[in-house]
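As you go down the protein sequences, you meet chains A and B in turn. With our numbering applied, the first sequence covers 91 to 365. With our numbering applied, the second sequence covers 1247 to 1774. Data first, discussion second: the structure below is written as structure tokens.
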Amino acid sequence: MKGRISRSLWLGAALTLAFVGAALLSFVWTPHDFAAMDIPNKLQPPSAVHWFGTDHFGRDIFSMVMVGARTSIAVALVAVGIGMALGVPLGLAAAARSGGLLDEVIMRANDLVFAFPALLIAILITAVFGASAVNAIIAIGIFNIPVFARLTRGGALSLWKREYILAARVSGKGAARISFEHILPNIANLLIVQGTIQFSLGILAEAGLSYVGLGAQPPTPSWGRMLADAQTLIGLAPHIAIFPGLAIVFTVLGLNLMGDGLRDLLDPRLRRART
Amino acid sequence: MSLLAIENLSLAIHGAPILRDVSFTVDEGQIVGVIGESGSGKSMTALSVMGLLPAGAQARGKVIFEGRDLLAASEAELCALRGAGIGMVFQEPMTALNPVQTIGAQVAETVLIHGAGSRAEAMARAREVLNRVGLPAERFPLSRYPHELSGGQRQRVVIAMAIALRPRLLIADEPTTALDVTTQAQILRLLKRLVAEDGMGLLLITHDLGVVADMADEMVIMKAGEVVERGAGQGFFARMQHPYTRALFEASSHVPERTAQVEERPLLEVRNVSRDYALARTALFAPARRFRAVDGVSFEIRRGESLGLVGESGCGKSTLTRAILGLEEVQEGEILIDGQPVFSGHRVNLAVRRKMQVVFQDPYGSFNPRWKVARLVAEPFHLLGARPPDWRERVGAALESVGLEAADMEKYIHEFSGGQRQRIAIARALILRPELIILDEAVSALDVSIRAQILDLLADLSERFGLTYLFISHDLSVVRAITDRVLVMRAGRIVEEGPTDEVFAKPQHAYTKTLIEAAPELPQVAAQ
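This is the structure:
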């Protein structure tokens, strides 16, 4: 039953791995201390000493991008985790009580969250509770909940009509047990694919929040804030904007390619359509 | 010269042989029945004629339609032919129509694609064809959508699309398999009439000998990609020679041997049961309308008895099944098993539930694809609270009692064929040693030879374990073969009840008579 691993999946996985590897490596080694300022050597172009050059404080951009990957991963991972941990059970519950009051309440609450532009609410949350990485995580996490709740409900609803679910009910199993034993394993592939895509969206959202100064606070490096800092100097030293920008582009691209590739691999309907 | 001549057609898909040396002909005005079980290659033969083979298919031989070899024809030539020279009717009327287009537009599309007239002319032609297939303008305007029609009416639309340009050849692949018996009889009559009126050839593909028995001018029996027997339709069964044809014939009318020991004590009692469903509101504050799916139904099954419940789709038999199984509560009446109610208060009575199990129709949808057979078969142990310590032995024993091996419990469900899966479903139903087993169309999706085996197995199990069956089906021949008593259900009510032989020999209610008349029947053949 194994489909062929597509080229986009290879490329996506390689990019993702490179980015995760850089983040892990930054715990033990970076070419320079990412926080060390060296004002005389500010705004150096890329060179053998500073691979990506230095910023307006003379900090090594390559090291900052590596450590920034850490922030991005942490925020996006926890945010997707929050979305899955709350969204999937809500979606399962809604599907189990499809058409009932619980379903209505859950899905209308979802619509409510969906109705607001995600970034706007994130800004509101961080504005009220203060700008920090934790608040950014919570803000991004909240917007992942309805995405997973909807996806789960949709997948579960079609499974609830299967005869093996009826057979389980005849065996006296309740809705919760059926949801976890029968439904969840059969929609796991949907969730993995969506998780990958939400992860990339989480990285974009974190960069966006940091860009407006509502994400991780200095001195913790963050790609979004590096871009913001570079804004006024872009004419003078374009490399300080280009490298964090490329980091965002390539990780998001990698995660999206991986998500697409996984979908092709795991979704039997698409697989059949391609052969 | 024949209209269609298939000569030594061989087909392989990605190297795997599908068809071998298939040859037969269809003449103008002739009905040729192609009969075979799943995997016999009957549908692939039809697709070869249409030039609609899947990717990777390699065909050899000749398919000559009106003097032209279709296997050598280009895609453009085939496109011009499809719909105009050759029409096709598919099995599933639910998916063969586009749900967002009106029926008029869909029938007219065939005309427009072949450039056989302007839009107005195409619509006029659509109207005319729909009239011909029995969908008159006053009740079925062109602006109707498929969801507003019943299954039989949709199949009429599909037929209208196929014959809109008066093709010389019509291919119908299992055109009535998804339909109720009475609708099936109507559609078959319609096809017969159209063949007679237009003088077109009809290639009728089916797994059901009964469907073609009194209709086909020529019969072609296929097995594993080969034609095993051909002959004139009239008196075909009296002359049949090939052992496979005979086996197919016998399996179609197979009656398992049963020696039922029926006790007087009722096992299941259904008393005045009614079940309503709320329909969608027509306006925001309008009171919700209600639909009565089951209306005051009463019956009982005695211990050891095998009771049939017959009815067409939408008659309420599925609702009744779910109520008996305790999956849904009823609004009125009560259901007792061994004198105990299925529902006490609003809770399901677990002690009662242990006494019954169910086998469903679809051998492919009845199992969680990610579980091993052992876990699947052991699922009803949940009713006991926990799996008993010897559960694996008991799963093994259950598998053996349905003719599989205990070692099969380590496999996944996709490793089994449809018939084997249905055996596993029966093993799952047997694992708790229930007293009542509800068979909900349990053999309807199976090939006739497999169906005969499963019926034998059911008869054998009922004897060995003293089982009581409630056999729910739309297939009269099956109900006739395996039940002692039969209930006929229509629009939520039981319209007739009695011993199976009596009901079939002397139906009292008008509806029962219609059902029995509509059921396709095989001719009686003296034992040879």
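All residues carry an ideal CB built from backbone N, CA and C; glycine is no exception.
Cβ-Cβ distance between residue i and residue j below 7 angstroms
i	j	result
L1629(B)	G262(A)	yes
G1445(B)	E1274(B)	yes
A1644(B)	A1673(B)	yes
V178(A)	T120(A)	no
V342(A)	L294(A)	yes
V1280(B)	V1457(B)	no
V1588(B)	V1598(B)	yes
P334(A)	W313(A)	yes
A185(A)	A246(A)	yes
F109(A)	A164(A)	no
T1729(B)	G1554(B)	yes
G1738(B)	G1562(B)	yes
Cα-Cα separation, residue i to residue j
i	j	result
G1398(B)	Q1430(B)	8 angstroms
E1687(B)	G1361(B)	46 angstroms
P1392(B)	E1374(B)	18 angstroms
W1637(B)	L1685(B)	24 angstroms
L1571(B)	Q1603(B)	8 angstroms
R1731(B)	E1323(B)	57 angstroms
R1378(B)	L1249(B)	24 angstroms
Y1490(B)	A1705(B)	24 angstroms
R364(A)	L1676(B)	Only weak support exists for where R364(A) lies, its pLDDT of 43 falling under 50; the value from the coordinates is given anyway. If you take the alpha carbons of R364(A) and L1676(B), they lie about 42 angstroms apart.
T213(A)	E1558(B)	A quick correction: the sequence has Ile, not Thr, at residue 213(A). If you take the alpha carbons of I213(A) and E1558(B), they lie about 60 angstroms apart.
V1619(B)	I255(A)	16 angstroms
S1690(B)	F233(A)	47 angstroms
R1385(B)	A1372(B)	15 angstroms
M174(A)	I235(A)	7 angstroms
L1761(B)	F1531(B)	41 angstroms
L1701(B)	D1426(B)	21 angstroms
M1407(B)	I1740(B)	38 angstroms
S269(A)	L182(A)	6 angstroms
G171(A)	S248(A)	25 angstroms
K92(A)	G264(A)	With a pLDDT of 47 at K92(A), under the threshold of 50, the predicted position of this residue should be treated as unreliable, though the coordinate-derived value follows. Using only the alpha carbons, I get a separation of about 33 angstroms.
Q134(A)	P311(A)	19 angstroms
Q1774(B)	E1742(B)	Confidence at Q1774(B) is low in this model, with a pLDDT of 43, below 50, so its placement is unreliable and the value that follows should be read with caution. Looking at the two C-alpha atoms, the distance is approximately 37 angstroms.
G1285(B)	M1369(B)	40 angstroms
H272(A)	F1613(B)	10 angstroms
A1772(B)	E1496(B)	Residue placement at A1772(B) cannot be trusted, given a pLDDT of 49 that sits under 50; the coordinates are not used to answer.
G1477(B)	V1508(B)	45 angstroms
Nearest to residue i (by Cα), restricted to the options the options
i	options	result
L1298(B)	S1320(B), V1473(B), Q1668(B)	S1320(B)
L1455(B)	M1735(B), E1709(B), H1755(B), D1693(B)	D1693(B)
L176(A)	I129(A), P136(A), R240(A), M127(A)	R240(A)
P309(A)	V110(A), V165(A), A126(A)	A126(A)
T1428(B)	T1746(B), R1736(B), P1769(B)	R1736(B)
M1468(B)	A1292(B), L1768(B), S1719(B)	A1292(B)
S1723(B)	T1452(B), V1501(B), R1511(B), C1325(B)	V1501(B)
L1327(B)	P1339(B), A1301(B), V1295(B), I1349(B)	V1295(B)
T161(A)	A337(A), G351(A), R353(A)	A337(A)
H1346(B)	A1368(B), R1390(B), V1335(B), A1318(B)	The sequence shown places Val at residue 1346(B), not His. When each option's Cα is compared against that of V1346(B), the closest is R1390(B).
T1567(B)	S1590(B), L1525(B), S1520(B)	S1520(B)
R1412(B)	D1419(B), V1441(B), L1434(B), T1423(B)	V1441(B)
N1254(B)	G1585(B), L1265(B), G1550(B)	L1265(B)
L1703(B)	Q1668(B), E1355(B), H1755(B)	Q1668(B)
A169(A)	E296(A), E253(A), L114(A), A113(A)	E296(A)
A229(A)	I332(A), G351(A), Y301(A), A166(A)	A166(A)
G1380(B)	E1355(B), Q1352(B), Q1432(B)	Q1432(B)
Contacts of residue i in chain D (Cβ-Cβ under 7 angstroms)
i	result
L1761(B)	Checking the listed chains, one finds no chain D in this structure; the protein chains it contains are A and B.
Could you name the residues of the segment 1605-1617 of chain B whose beta carbon sits closer than 8 angstroms to any beta carbon of chain A, in the order they occur along the chain? Cβ contacts with chain A come from F1606, Q1607, D1608, G1611, S1612, F1613, N1614, P1615, R1616.
Members of the segment 247-278 of chain A that neighbour chain B once the beta carbon cut-off is set at 7 angstroms: R252, E253, Y254, L256, A257, A258, R259, V260, S261, G262, K263, H272, P275, N276
Contiguous alpha helix (DSSP H) assignments of at least 4 residues, all confined to the segment 1477-1503 of chain B: 1482-1485, 1489-1498
Fully enclosed by the segment 1503-1580 of chain B, which alpha helix (DSSP H) runs are 4 residues long or longer? 1563-1570
Which full runs of the beta strand (DSSP E) of 3+ residues lie inside the segment 1403-1446 of chain B, going along the chain? 1415-1419
Could you give the uninterrupted runs of the beta strand (DSSP E) lying entirely in the segment 104-138 of chain A, keeping only those of 3 residues or more? none
Complete runs of the alpha helix (DSSP H) confined to the segment 239-303 of chain A [at least 4 residues]: Listed in chain order, they are 253-260, 265-268, 274-301.
Between the segment 1616-1639 of chain B and chain A, which residues of the former have CB atoms less than 7 angstroms from a CB of the latter, in chain order? R1616, E1625, P1626, H1628, L1629
Near-chain A residues of the segment 1577-1602 of chain B - C-beta to any C-beta below 7 angstroms: Flagged, chain order: L1596, R1599.
By the 9 angstroms beta-carbon criterion, what residues does the segment 1561-1578 of chain B contribute toward chain A? R1568, L1571, G1572, L1573
Whole runs of the alpha helix (DSSP H) within the segment 1275-1330 of chain B, excluding any shorter than 4 residues: 1288-1296, 1321-1327
Which residues, in chain order, does the segment 1497-1531 of chain B contribute to contact with chain A at a C-beta distance below 8 angstroms? none
Quick one, which residues of the segment 1672-1693 of chain B are near chain A if we go by CB-CB under 8 angstroms, in chain order? Flagged, chain order: R1674.
Taking only runs that begin and end inside the segment 1577-1638 of chain B, name each unbroken alpha helix (DSSP H) of 4 or more residues, in chain order. 1596-1599, 1619-1623
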